[in-house]
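See structure below.
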Amino acid sequence: MLAPLTAPVPEHLTPHDLVTYFRCPYEMELAREQHARAMGRPLLSPRTPLDVVPLRHSPMFAPPLGHLEVNEGRLDLSEHDVLVYEDAGEDDLPVLFPPERVRLDARFTNGHSTLIDAELGIAGRPDLVIQQGDGACVPLEYKETHLFVGYHEAHGRLFDTVQAIAECRLVHTVFGRRPPYGIVLYGDAAGGGEREGWVQIPYGDAEERWLKVVLAQVREDTVRAPVPAERNCGSCEPNAEGLCRFAAARYEGPHHHQSFLASRRA
Ligand code: SF4
Numbered sequence: 014m015l016a017p018l019t020a021p022v023p024e025h026l027t028p029h030d031l032v033t034y035f036r037c038p039y040e041m042e043l044a045r046e047q048h049a050r051a052m053g054r055p056l057l058s059p060r061t062p063l064d065v066v067p068l069r070h071s072p073m074f075a076p077p078l079g080h081l082e083v084n085e086g087r088l089d090l091s092e093h094d095v096l097v098y099e100d101a102g103e104d105d106l107p108v109l110f111p112p113e114r115v116r117l118d119a120r121f122t123n124g125h126s127t128l129i130d131a132e133l134g135i136a137g138r139p140d141l142v143i144q145q146g147d148g149a150c151v152p153l154e155y156k157e158t159h160l161f162v163g164y165h166e167a168h169g170r171l172f173d174t175v176q177a178i179a180e181c182r183l184v185h186t187v188f189g190r191r192p193p194y195g196i197v198l199y200g201d202a203a204g205g206g207e208r209e210g211w212v213q214i215p216y217g218d219a220e221e222r223w224l225k226v227v228l229a230q231v232r233e234d235t236v237r238a239p240v241p242a243e244r245n246c247g248s249c250e251p252n253a254e255g256l257c258r259f260a261a262a263r264y265e266g267p268h269h270h271q272s273f274l275a276s277r278r279a
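FYI, the working numbering numbers position 120 of the sequence shown as 133, with every residue one higher than the one before it.
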């Protein structure tokens, strides 16, 4: 008798998975294992074989960067913009809207804040979603400690672009309209806001195509090799627990990547 035909379920991925894969595929494997352990879920062993050969760079194709709009200063909000979504799991999000312009979508309150795209097999939680006057919904990711100075030199901001594009797709799926762009807001809580800035990352056909290609690329990668480098390993959380035998540097904290880039620029 023939087995029933069922479509294979694609490997579940999050915007955060894509960001870690873009840095180091093995970090993605270890971070997912750490997360499963923390959540009390069954552990999936990393795919990475024991005799893996480390790489110099992640194999992930870089995202399109053609039309980023980089803005210094405070985020521009129109009086017609309202807040329709907030990640309830984040404590330190900026208060950008007065109470009368907070109209949270009831589907994502009471602890249900994960946005799911079943077609692409991805799920995640942007920090905020802003509904603009014309009805478009735009995800916003807040980076509290990533100072804006040197934006153009900081290759690390490519990671933020990866995350923003994946979150745009989630917002498109859930709110039913393609966002024209995603926003990454770089705060400066410690410096009184002097070095704030924000970037609009366009989300069009090219970005959506790129996302589909890299999701397939990640899923087809049976090796998920390590990319040992100071720029990666110093801020790699599995490295903080001594989980990686390929580490090229000691763990220096979650913001090491920015400090590393700043020291290179000095
Ligand atoms: S310590 Fe370095 S090589 Fe190892 S998983 Fe982390 S980033 Fe990759």
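The C-beta atom is built at its ideal place from N, Cα and C for all residues, glycine as well.
Worksheet entry | Those residues which DSSP pairs with N252 across a bridge | Here residue 252 refers to the residue found at position 239 when the sequence shown is read from its first residue. Within the DSSP secondary-structure output, N252 pairs in no beta bridge.
Worksheet item: Which partner residues does E82 have in the DSSP bridge list?
Response: For the purposes of this step, residue 82 is taken as the residue at position 69 of the sequence shown. Answer is Q213, bridged to E82.
Fill in: Range covered by the alpha helix (DSSP H) that runs through P28
Taking the first residue of the sequence shown as position 1, residue 28 is located at position 15. Per DSSP, P28 belongs to the alpha helix (DSSP H) from P28 to R36.
Worksheet item: Taking just the CA atoms, how far does P62 sit from G86?
Response: Counting from 1 along the sequence shown, the entry for residue 86 is found at position 73. Counting from 1 along the sequence shown, the entry for residue 62 is found at position 49. Their Cα atoms are separated by approximately 47 Å.
Worksheet entry | D104 burial status per 10 Å Cβ neighbour count (16 or more: buried) | Numbered from its first residue, the sequence shown carries residue 104 at position 91. Around the CB of D104, fewer than 16 other CB atoms lie within 10 Å, so the residue is classed as exposed.
Item to complete: Please classify A49: is it buried, with 16 or more other beta-carbons within 10 angstroms of its beta-carbon, or exposed?
Response: Locating residue 49 in the sequence shown gives position 36, counting from the first residue. Counting Cβ neighbours within 10 Å, A49 comes out exposed, since fewer than 16 surround it.
Worksheet item: Is it true that the CB of D130 sits closer than 9 Å to the CB of R191?
Response: One-based indexing of the sequence shown puts residue 191 at position 178. One-based indexing of the sequence shown puts residue 130 at position 117. In this structure, the beta-carbon distance from R191 to D130 does not fall below 9 Å.
Worksheet item: How many Å lie between G200 and K156 at the Cα?
Response: Numbered from its first residue, the sequence shown carries residue 200 at position 187. Numbered from its first residue, the sequence shown carries residue 156 at position 143. Cα to Cα, G200 sits roughly 6 Å from K156.
Worksheet item: Using the beta-carbon count (16 or more within 10 Å), is D140 buried or exposed?
Response: Residue 140 sits at position 127 when you count from the first residue of the sequence shown. Per the 10 Å Cβ criterion, buried.
Discussion item. Any contact between the stretch 229-244 and the stretch 30-38? By contact I mean 3 or more CB pairs, one from each, below 8 Å.
Written reply: They touch, by the three-pair rule.
Worksheet item: Under 9 Å between the Cβ atoms of V280 and V236?
Response: The shown model of the chain, from 14 to 279, leaves out residue 280, and the question about it has no answer.
Worksheet entry | Environment of E42 [buried if 16+ CB atoms lie within 10 Å] | Against the sequence shown, residue 42 aligns to sequence position 29. Burial state of E42 is buried, judged by a 10 Å Cβ sphere holding 16 or more other Cβ atoms.
Worksheet item: Listed in chain order, which residues are found with a beta carbon closer than 5 Å to a heavy atom of ligand 1?
Response: A distance filter of 5 Å between CB atoms and the heavy atoms of ligand 1 selects the following residues in sequence order: C37, Y39, E40, P239, P241, N245, C246, C249, N252, C257, F259 and A260.
Discussion item. Run through the DSSP bridge pairs and tell me what E154 is partnered with.
Written reply: By 1-based counting over the sequence shown, the position of residue 154 is 141. Residue pairing by DSSP places E154 opposite V197 in a beta bridge.
Worksheet item: Just the Cα atoms here: how many angstroms apart are I196 and E180?
Response: Mapped onto the sequence shown, residue 196 falls at position 183. Mapped onto the sequence shown, residue 180 falls at position 167. E180 has its alpha-carbon roughly 10 Å from the corresponding atom of I196.
Worksheet entry | Through-space distance from M73 to E46, alpha-carbon basis | Numbered from 1 along the sequence shown, position 33 holds the residue referred to as residue 46. Numbered from 1 along the sequence shown, position 60 holds the residue referred to as residue 73. Approximately 21 Å between the Cα atoms of the pair.
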